[in-house]
Amino acid sequence: MPPPSVDIAIVGFGSIARSHLSALRDLPVVRPGSVLPVVSTIVTERPAAVRDEAEALGVGHVVETLEEALTDDELRLVDVASRNDRHAAQAREVLDANRALYLEKPIGRTRQEALSLATRALDVDLPSQPGLVLRYEPAIVEARALIRKGAIGELRHGRTGSFHGSYLDPARPISWRLRAASAGGGAMLDLGVHLIDALRFLLGEVRLVAASARTVVASRPGVDGADEPVDVDDWSWGELELSNGAHITVEASRIFLGAEGVPFELYGTAGSLVGDLGTGQLALRRFDGREAVYREAASRDPFVRAVEALRPPARLSLGSFVDLHAAALHHVLLRVAGDDPAPGLAPTLADAATAESMAHEIVETGRHSEPVAAAAGPVALPQPPRG
Numbered sequence: 008m009p010p011p012s013v014d015i016a017i018v019g020f021g022s023i024a025r026s027h028l029s030a031l032r033d034l035p036v037v038r039p040g041s042v043l044p045v046v047s048t049i050v051t052e053r054p055a056a057v058r059d060e061a062e063a064l065g066v067g068h069v070v071e072t073l074e075e076a077l078t079d080d081e082l083r084l085v086d087v088a089s090r091n092d093r094h095a096a097q098a099r100e101v102l103d104a105n106r107a108l109y110l111e112k113p114i115g116r117t118r119q120e121a122l123s124l125a126t127r128a129l130d131v132d133l134p135s136q137p138g139l140v141l142r143y144e145p146a147i148v149e150a151r152a153l154i155r156k157g158a159i160g161e162l163r164h165g166r167t168g169s170f171h172g173s174y175l176d177p178a179r180p181i182s183w184r185l186r187a188a189s190a191g192g193g194a195m196l197d198l199g200v201h202l203i204d205a206l207r208f209l210l211g212e213v214r215l216v217a218a219s220a221r222t223v224v225a226s227r228p229g230v231d232g233a234d235e236p237v238d239v240d241d242w243s244w245g246e247l248e249l250s251n252g253a254h255i256t257v258e259a260s261r262i263f264l265g266a267e268g269v270p271f272e273l274y275g276t277a278g279s280l281v282g283d284l285g286t287g288q289l290a291l292r293r294f295d296g297r298e299a300v301y302r303e304a305a306s307r308d309p310f311v312r313a314v315e316a317l318r319p320p321a322r323l324s325l326g327s328f329v330d331l332h333a334a335a336l337h338h339v340l341l342r343v344a345g346d347d348p349a350p351g352l353a354p355t356l357a358d359a360a361t362a363e364s365m366a367h368e369i370v371e372t373g374r375h376s377e378p379v380a381a382a383a384g385p386v387a388l389p390q391p392p393r394g
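In terms of our numbering, the sequence shown is residues 8 to 394.
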């Protein structure tokens with residue numbers, strides 16, 4: 008029996024939309040027999056400019072508006088990968104048309120925009136999945152299994168971060184990504200929101216106890232050469248507390264110089280998990296030396312195996328970035344077709360709204376944080392008695 012097919016429209020044709028298209032086109036090759044994605048339509052503001060390329064990639068319809076795409080009765084899933092300031096309105100249009108939705112983050116530029124969309128999705132009995140793809144990262148999935156099996160005991164503290172250098176150069180011109188009105192936020196909403204969601208997925212709810220945020224490059228060249236102000240964070244940091252009192256720090260930077268990565272560290276009463284989510288590496292250390300026992304048990308965990316089957320196999324990897332998108336898109340396609348092989352894995356729009364709210368809180372709190380007053384100069388020590 009042939010696999011079920013799902014007709015898809017992709018909204019946008021920028022770098023993120025192209026990564027989605029790449030993943031969808033290769034999915035039948037890397038995971039044959041599962042589900043057949045059929046990208047039938049691309050929605051773009053520049054249809055004439057991209058039509059030839061889209062048709063060469065096998066996409067038969069290129070239209071200018073989402074309204075045009077939604078007239079296709081065969082269309083079952085809409086993948087919104089446009090600019091941030093279009094996400095919420097376009098997603099609402101998809102939901103109003105009673106179609107399944109895959110939505111790039113952020114789902115809204117503000118807390119209210121995200122919350123309103125997440126609330127609207129509750130009335131639609133179809134998958135509405137945000138692109139919080141770290142849930143599909145092998146290290147996160149294995150860490151989940153190891154934590155649940157008690158491999159590190161009770162968590163005490165940890166840290167994670169996402170470090171990129173995309174805006175390190177102060178001469179890089181301003182763009183919509185550096186304006187709050189169009190992007191919604193900076194480093195924390197762009198990068199940190201993935202980490203916040205991953206921590207909630209692994210460890211449960213968190214609350215903010217401390218934060219710091221800075222716009223280091225305060226202005227950048229505009230289109231006419233004159234400097235324009237930047238009103239989003241270049242770097243931000245938050246300290247989060249779990250229900251058991253454990254503390255975890257989350258840091259996001261787009262002005263980092265060095266080996267870019269996503270370090271991830273958790274320290275518990277029985278051991279630790281240390282790795283990098285950018286490379287998928289994860290090391291378990293235990294006081295009793297029984298690492299192999301726990302890792303073997305985690306490898307046999309049904310949830311771990313179900314998520315593994317969503318990703319391209321290692322020998323057919325599309326690259327770590329596209330692999331994550333491929334796994335998430337594979338999952339939503341199966342859910343649209345009526346199958347969910349990993350219940351509890353797919354994030355909801357409510358999950359996205361929660362993570363984005365925390366990202367906003369970190370930046371808002373961090374911008375108003377005051378440095379701790381410290382006495383200048385050396386500590387005054389008592390003089391030894393003379394005699």
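No residue lacks a Cβ here, since even glycine has one placed at the ideal position from N, Cα and C. This one's a predicted model, so the numbers in the text were calculated from it and none came from an experiment.
What do you get for residue i, buried or exposed, if any count of 16 or more other CB atoms within 10 angstroms of its CB means buried?
| i | result |
| --- | --- |
| THR51 | buried |
| ASP14 | buried |
| GLY40 | exposed |
| GLU267 | exposed |
| THR361 | buried |
| GLY168 | buried |
| PRO319 | buried |
| VAL343 | buried |
| HIS409 | Outside the displayed span of the chain (8 to 394) sits residue 409, for which this structure offers no information. |
| LEU264 | exposed |
| LEU388 | exposed |
| PHE170 | buried |
| HIS375 | exposed |
| ARG393 | exposed |
| ARG322 | exposed |
Let me check understanding here. Comparing Cα to Cα, which of the options lies closest to residue i?
| i | options | result |
| --- | --- | --- |
| ASP346 | ASP33, ALA30, MET8 and VAL42 | VAL42 |
| ILE369 | ALA220, ALA150, ALA225 and GLU212 | ALA220 |
| ALA150 | THR78, TYR274, PHE170 and PHE328 | TYR274 |
| ALA353 | PHE208, THR78, LEU31 and ARG25 | PHE208 |
| ARG155 | ARG374, SER22, PRO391 and ALA304 | ALA304 |
| PRO350 | VAL314, GLU363, GLU377 and ASP358 | VAL314 |
| ALA96 | TYR143, GLU212, PRO134 and SER189 | SER189 |
| VAL101 | THR78, ASN91 and ILE159 | THR78 |
| ALA277 | THR256, ARG292, PRO134 and LEU340 | ARG292 |
| VAL148 | LEU331, ASP358 and VAL230 | LEU331 |
| VAL329 | VAL18, ILE23, ALA16 and GLY19 | ILE23 |
| VAL223 | LEU289, PRO113 and LEU185 | LEU185 |
| LEU141 | ALA125, GLU111 and PRO348 | GLU111 |
| LEU31 | ASP197, PRO113, GLY373 and LEU317 | LEU317 |
| ASP238 | GLY211, PRO385 and ALA187 | ALA187 |
| VAL257 | SER173, HIS201 and TYR174 | HIS201 |
| GLU363 | LEU139, VAL339 and ALA61 | LEU139 |
Would you report the Cα separation of residue i and residue j, rounded to the nearest angstrom?
| i | j | result |
| --- | --- | --- |
| ALA366 | ALA194 | 9 Å |
| SER12 | ARG99 | 24 Å |
| VAL69 | ILE49 | 5 Å |
| ALA128 | VAL46 | 23 Å |
| PRO180 | GLY232 | 9 Å |
| VAL281 | GLY296 | 16 Å |
| ALA333 | LEU325 | 9 Å |
| ARG93 | ARG53 | 15 Å |
| SER243 | ALA218 | 8 Å |
| GLU71 | GLY252 | 51 Å |
| GLY157 | ALA290 | 15 Å |
| ASP308 | GLU75 | 45 Å |
| PHE310 | LEU249 | 24 Å |
| PHE294 | PHE271 | 19 Å |
| HIS27 | SER123 | 26 Å |
| ARG38 | ASP86 | 20 Å |
What are the partner residues of residue i, as DSSP defines its beta bridges?
| i | result |
| --- | --- |
| GLN288 | ASP283 |
| VAL13 | PRO44 |
| PRO270 | ASP283 |
| GLU111 | Answer by DSSP bridge pairing: none, since GLU111 is not bridged. |
| ILE255 | GLY165 and LEU247 |
| LEU84 | ILE15 and ALA107 |
| VAL213 | LEU249 |
| GLU235 | ARG227 |
| ALA220 | SER243 |
| GLY199 | GLY199 pairs with nothing; no bridge assigned. |
| ARG293 | GLY278 |
| SER89 | In DSSP, SER89 forms no bridge with anything. |
| SER306 | Paired residues: none, contrary to the question. |
Check your understanding: Which whole runs of the beta strand (DSSP E) in the stretch 130 to 193 are 3 residues long or more, in chain order?
Key -> 135 to 137 and 162 to 170
Review point. Which runs of the alpha helix (DSSP H), 4 residues or longer, sit entirely within the stretch 20 to 71?
Key: 22 to 37 and 54 to 63
Check your understanding: What alpha helix (DSSP H) runs, 4 residues minimum, are completely inside the stretch 313 to 384?
Key -> 327 to 343 and 356 to 374
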